[in-house]
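Trainee: Protein chains in written order, with the numbering used here: chain A, 1 to 372; chain B, 373 to 556; chain C, 557 to 820. Ideal placement from N, C-alpha and C gives every residue a C-beta, glycine not left out. Bear in mind the structure is a predicted one, so any value in this text is a computation, not a measurement.
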Amino acid sequence: MIETFKSVIDTLSAPTVSFTLLTLLTPLIFPPTDWFDKLNRKLGIWRLWTKPGLWAGMGFITFFFIVGYFDPNFNITLTKPDNFPIVLMVYSMFFFIWLGMKKAYINDDRLAEGLKPEEYNDPDDKVLVWPDLVYIEFISLILFMVFLIVWSILVAAPLEEPANPASTPNPSKAPWYFLGLQEMLVYFDPWLAGIVFPMFIIFGMMAIPYIDTNPKGDGYYSFKERRIGIFIFMYGWLILWLFLIVIGTFFRGPNWNFFGPFEYWDPHKVVPLNNVNLSEYLWVKMLSTGLPTNIMLREFMGFLVVFAYMFVFPILLAKTWLKDLFEKIGPIRYTTLMLFGLSMFSLPIKMYLRWFFNLKYIIAIPEWFFNI
Amino acid sequence: MSEEKITPTASVGTSTQNSENGKEMGRRGFFKWLSLGWIAFAGATGGFFTVMIRFLFPNVLFEPPQTLKIGFPNDYATNTVDIRYKKSFNIWVVRDEESIFALSTVCTHLGCTPNWLRTEGKFKCPCHGSGFRMTGINFEGPAPRPLERYKVSLSNDGQILVDKTKSFKWEKGEWENSESFLVV
Amino acid sequence: MAKDNKQKSFLERMGESQVWKSIIRSGVPHTRRQRMHAILGSVFLHLHPARLPKHAVKVGYTWCMGGLSFFLFVVLTITGILLMFYYRPTVEYAYTDIIDLTEQVPLGMMRELHRWGAHAMVLTVWLHMLRVFMTGSYKPPREFNWGVGVLLMTMTMFLSFTGYLLPWDQLAIWAVTVGTNMARAHPFIGHEGPGASLLAIGDINLVHMGSDVRFALLGGRFVGEATLLRFYVLHCIAVPFIMMIFLAVHFWRIRKDGGISGPL
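(1) How would you call V615 (chain C), buried or exposed, if buried means at least 16 neighbouring beta carbons within 10 angstroms?
(2) For Q531 (chain B), which residues of its own chain have a beta-carbon under 8 Å away from its beta-carbon, when the five flanking residues on both sides are left out?
(3) Taking Cβ-Cβ distances shorter than 8 Å, what residues in chain B pair up with P366 (chain A)?
(4) Buried or exposed: F370 (chain A), going by 16 or more other Cβ atoms within 10 Å of its Cβ?
(5) Along the chain, where does the beta strand (DSSP E) that runs through I472 (chain B) open and close?
(6) What residues from the region 737 to 762 of chain C come within 7 Å of chain B, judged by C-beta to C-beta, listed N to C?
(7) If you measure from the beta carbon of S346 (chain A) to each beta carbon in chain C, is any gap under 9 Å?
(8) Which residues share a DSSP beta bridge with W464 (chain B)?
(9) Does DSSP classify D535 (chain B) as helix, strand or coil?
(10) Would you say F420 (chain B) reaches chain C, if we count a Cβ-Cβ gap shorter than 9 Å as a contact?
(11) Secondary structure at N257 (chain A), three-state DSSP: helix, strand or coil?
(12) Identify the contact partners of P123 (chain A) in chain C, using a Cβ-Cβ distance below 8 Å as the criterion.
(13) Along chain B, in chain order, which residues have C-beta atoms closer than 9 Å to that of S582 (chain C)?
(14) Within its chain, find whatever has a CB closer than 6 Å to the CB of A174 (chain A); leave out the 5 residues flanking it on each side and keep chain order.
(15) Between I329 (chain A) and the rest of its own chain, which residues show a CB-CB distance below 6 Å, the 5 nearest in sequence each way excluded?
(16) Starting from L608 (chain C), trace the beta strand (DSSP E) both ways and give me its first and last residue.
(17) Given L784 (chain C), which residues of its chain have a CB within under 8 Å of its CB, disregarding the five upstream and five downstream residues?
(18) Closer than 9 Å between beta carbons: that is the criterion. Which residues of the region 429 to 455 of chain B meet it against chain C?
(19) Report the residue from A:A364, A:I315, A:F262 whose alpha carbon sits nearest the alpha carbon of F74 (chain A).
(20) To be precise: take each residue of the region 474 to 501 of chain B, compare its Cβ to all Cβ atoms of chain C, and keep it if any distance is under 7 Å. Which residues remain?
(21) How many angstroms separate the CA atom of M351 (chain A) from the CA atom of R607 (chain C)?
(22) Does the separation of the CB atoms of T485 (chain B) and K523 (chain B) fall below 9 Å?
(23) Please list the terminal residues of the continuous alpha helix (DSSP H) segment that includes G735 (chain C).
(24) Under 8 Å: do the region 140 to 160 of chain A and the region 467 to 474 of chain B share three or more Cβ pairs, one atom per stretch?
(25) Quick check: what's the CA-CA separation for L115 (chain A) versus D108 (chain A)?
(26) With 16 other CB atoms within 10 Å as the buried threshold, where does I757 (chain C) fall?
(27) Using a C-beta cutoff of 9 Å, does Y385 (chain A) count as contacting chain B?
(28) Chain A partners of M713 (chain C), CB-CB under 8 Å?
(29) List the DSSP bridge partners of R698 (chain C).
(30) Quick one: what's A756 (chain C) bridged to in DSSP?
(31) Might you give, ordered along the chain, the residues of its own chain that have their beta carbon closer than 7 Å to the beta carbon of T691 (chain C), omitting 5 neighbours on each side?
(32) Anyone know if the C-beta pair for P743 (chain C) and W191 (chain A) falls short of 9 Å?
(33) Given a threshold of 16 other Cβ atoms within 10 Å of its Cβ, counted over all protein chains shown, does P52 (chain A) qualify as buried or as exposed?
(34) Interface residues of chain C around N257 (chain A) at Cβ under 8 Å?
(35) Under 9 Å, do Y221 (chain A) and G100 (chain A) count as touching if we go by C-beta distance?
(36) To the nearest whole angstrom, what separates the beta carbons of Q726 (chain C) and E161 (chain A), a pair I think is in contact under 8 Å?
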């Protein structure tokens with residue numbers, strides 16, 4: 001029974017499976033359109049945001065970690081000092097998203113009935129900060145300090161072997177909160193994954209309030225009124241950030257190969273990873289000629305693809321499917337949204353291209369350190 | 373003070389009292405001095421920040437020597453990768469059918485140290501999974517380009533001399549350079 | 557005061573003493589007015605408004621995560637200062653000093669508090685951001701403060717990064733190697749970044765291993781003594797200093813933007 005569970009989890013955890021499943025699930029869990037909403041109701045996914053949903057989710061996470069703790073292979077990953085706070089992350093993220101969504105659903109129902117949101121109070125009926133807020137802050141601060149002290153007594157802070165410039169640990173992992181970035185580095189060159197994309201994440205997040213012109217849902221939990229915004233945010237946050245952290249922490253083993261969480265970390269696991277550039281696909285495999293010596297000629301296909309994706313595609317969208325949006329938010333907001341949005345979605349696209357076609361670079365100009 | 377004689381455009385009070393040489397500073401002169409002042413301010417600020425940034429770049433570095441003698445060519449067997457100097461000098465000494473060359477142990481992706489897996493005949497980086505063949509050519513994982521080779525030469529006593537200050541990059545066609553390998 | 561002096565409790569009498577009043581400015585707050593005065597008259601508490609809408613004191617709405625993040629910032633500052641008494645940022649001593657901190661120093665838990673506090677702070681900051689997003693609190697007039705918050709989150713992460721380098725263990729050296737090699741690939745100002753080769757006069761490259769952004773970060777061409785010192789200074793002084801300025805702006809803007817967000 002337990003063994004079946006483990007092998008099922010191992011199979012599901014293969015990135016091609018788990019990432020695809022989660023990508024398909026996200027629009028069902030946070031339905032951005034009526035069609036998905038209908039499906040969400042039909043499949044009963046909304047029940048996730050009820051009390052039984054909370055218990056089921058918490059139960060599953062707990063079961064997974066208990067089984068993991070007693071599994072000799074997973075135990076090593078799980079109890080590594082720099083990894084295990086990820087347990088707190090999984091629990092707290094699930095709980096707080098549950099809490100937020102539950103409140104959002106309650107407010108959605110209230111708003112549908114023409115009532116004010118639950119948070120609404122008469123503006124004249126205010127409470128005093130002393131004592132009402134100060135005491136709450138004081139109590140939560142003490143409770144948190146107790147929690148931190150207990151944590152510090154129970155678990156020693158991570159300390160690895162003394163620095164040795166000659167031998168890199170295998171696998172060499174950053175603490176859990178950076179493993180999403182580290183995972184990104186597998187698919188993109190450092191100048192993109194290490195510099196440009198982190199900048200884009202920061203500036204993209206800062207741009208959210210200026211792009212999201214929807215005035216509704218300000219100051220209270222709600223979902224229906226701003227479902228597209230929440231969906232896009234949740235896809236970036238849950239899948240492209242938190243799930244990549246989970247992948248990096250639990251599913252990456254020696255030589256940065258994929259392993260199921262209950263799988264033995266075999267350092268000699270052979271994974272054929274012959275990565276091929278788009279230019280090689282075009283000139284060598286399709287046209288059966290050698291690579292042209294002229295760099296621009298060699299890579300023109302890649303430039304074409306990137307140009308089409310980043311510049312032509314948004315214009316086409318603005319004229320067809322996103323016409324209403326374009327007219328509503330105007331060209332500057334639309335351009336910003338597309339720049340950050342398309343960059344964000346380029347990550348899963350590149351991941352799939354790597355997994356299924358062994359595609360290394362779309363544009364490969366190592367001579368100029370310019371690889372995309 | 374401006375040397376030009378400028379007619380006052382606004383007569384507020386008796387401003388002649390204030391100027392020492394009796395000349396009045398008109399609107400033109402005022403703007404001249406104002407812009408000069410601002411330019412000087414911008415220049416000084418810019419200069420200060422330039423110096424501040426320059427401050428971050430030390431002139432003298434305390435770094436270990438970059439050349440090493442690694443023994444005689446016959447110490448290395450054909451088609452092997454020697455890992456003796458990996459720890460102390462960050463190089464692999466590789467001998468193939470025709471030549472001996474020194475490969476840098478710095479992964480071209482993000483600088484981790486790959487491991488030589490003899491059975492699989494490749495260098496494999498533990499950080500992000502880049503793989504390199506014995507020649508240093510990258511073939512898997514995220515590494516964008518092959519490992520770098522260092523300058524090798526024969527010293528007077530017949531030993532191989534590796535000079536890490538000069539490196540050769542494959543993608544720039546520098547491996548053709550006769551300094552990047554030693555014919556044996 | 558209707559009560560006679562004899563009937564008053566010790567605490568009450570203390571609250572009316574000259575010393576107490578001179579420090580706290582108001583006595584023991586009993587009336588509504590005095591309670592508001594207690595908040596307004598204290599430099600620490602006046603970050604708060606005197607009165608709040610009811611939903612703002614519900615933990616279910618705020619999750620208390622912003623407050624806890626700030627609290628952790630304070631905890632990390634205090635424990636960090638204590639750790640600095642024992643830690644020497646040199647390649648020779650860094651690692652052994654860390655071991656001493658656990659084994660020789662009384663209350664050897666200080667490093668644990670600092671390290672786990674940092675992990676916890678990353679989490680609370682993320683959760684705070686999640687709460688602000690879920691309640692749509694980034695919407696006007698709070699757009700700017702959301703941006704400040706994003707920068708504060710970035711600084712939290714950067715503090716974590718510079719912090720775990722300091723023990724100079726295997727994690728530290730490889731994290732700094734990987735992290736600073738990303739700087740090597742910075743467009744234009746990293747010597748292995750796209751565009752760097754364009755910045756050249758004739759045959760002389762302006763951006764090379766000894767002049768790029770990575771060099772400035774490391775204080776040399778290789779990870780070593782100078783690197784450790786630079787990251788130590790960044791971690792202990794530079795980033796916390798900038799962060800405190802941004803924290804002040806963040807808190808001030810909460811008040812200026814109409815207090816805590818809520819439905820109209």
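Mentor: By the coordinates alone:
(1) exposed
(2) K441, I442, G443, F444
(3) P516, R517, E543
(4) buried
(5) 471 to 476
(6) N737, M738
(7) no
(8) B:L475
(9) strand
(10) no
(11) coil
(12) P609
(13) Result: empty, since nearest Cβ-Cβ is about 47 Å, beyond 9 Å.
(14) Q182
(15) T213
(16) 607 to 609
(17) P645, T646, V647, A650, L721, L722, W724
(18) F429, P430, L433, F434, E435, P436
(19) A:F262
(20) L482, G483, C484, C499
(21) 51 Å
(22) no
(23) 726 to 740
(24) no
(25) 10 Å
(26) exposed
(27) Nothing can be reported for residue 385 (chain A), as the shown portion of chain A is limited to 1 through 372.
(28) Y177, F178
(29) According to DSSP, which records beta bridges pairwise, R698 (chain C) is partnered with nothing at all.
(30) C:N761
(31) S817
(32) yes
(33) exposed
(34) The contacting residues do not exist; N257 (chain A) stays about 18 Å from chain C at best.
(35) yes
(36) 5 Å
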